[in-house]
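**Q** First the structure, which I've put down as structure tokens, then a few questions once you've had a look.
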Amino acid sequence: MSTLFNPSSTLALFGMPGGMEIVVLVVIGLLIFGRRLPEVGRNLGKSIVEFKKGIKGIGDDIDKEADRQETTPVEKSKTADLPPAKITPDPVQEADIKVEEARQNKEE
């Protein structure tokens, strides 16, 4: 087993950047972007706004489609493929009918 490459020891060399490292990175960023930094910030802000508008537009489209499907009646062609539904009679009504038939038969 080779001790030259050990991932855990390599990661131990790179911890979270401290205050001095962040200052160095900011200085390097200012040197690289310099005068274009306001433009870069403005473009980043515009792209974030456009992204949010796109997400909101997708949500609005989903809501419109859901509302449209709720208000649209079921088409006849969609139900034509279904077998006829079995309607089970109400047991209370059947009992009432039988009672009435029995009363009529008794009276006769």
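4 is the number of the first residue of the sequence shown in the numbering used here; add one for each residue after it. Don't be surprised by glycine CBs; every beta carbon is placed ideally from N, CA and C.
State the DSSP-derived secondary structure class of isoleucine 90, mapped to helix, strand or coil.
**A** Position 87 of the sequence shown holds residue 90. Three-state DSSP puts isoleucine 90 in coil, outside helix and strand.
**Q** Determine the contact status of phenylalanine 54 and valine 43, defining contact as a CB-CB distance below 8 angstroms.
**A** Along the sequence shown, one-based indexing puts residue 54 at 51. Along the sequence shown, one-based indexing puts residue 43 at 40. No, the pair does not count as a contact, with Cβ atoms beyond the cut-off.
**Q** In this structure, how does DSSP classify proline 41 when only helix, strand and coil are distinguished?
**A** Numbered from 1 along the sequence shown, position 38 holds the residue referred to as residue 41. Three-state DSSP puts proline 41 in a helix.
**Q** What's the gap between the Cα of aspartate 70 and the Cα of glutamate 24?
**A** Here residue 70 refers to the residue found at position 67 when the sequence shown is read from its first residue. Here residue 24 refers to the residue found at position 21 when the sequence shown is read from its first residue. So the two alpha carbons sit approximately 54 angstroms from each other.
**Q** Can leucine 47 and leucine 40 be called in contact, C-beta distance under 8 angstroms?
**A** Translated into the one-based positions of the sequence shown, residue 47 becomes position 44. Translated into the one-based positions of the sequence shown, residue 40 becomes position 37. In this structure, leucine 40 does not lie closer than 8 angstroms to leucine 47 by Cβ.
**Q** How many Å lie between valine 95 and lysine 101 at the Cα?
**A** For the purposes of this step, residue 95 is taken as the residue at position 92 of the sequence shown. For the purposes of this step, residue 101 is taken as the residue at position 98 of the sequence shown. Near 10 angstroms, if we compare the C-alpha coordinates of lysine 101 and valine 95.
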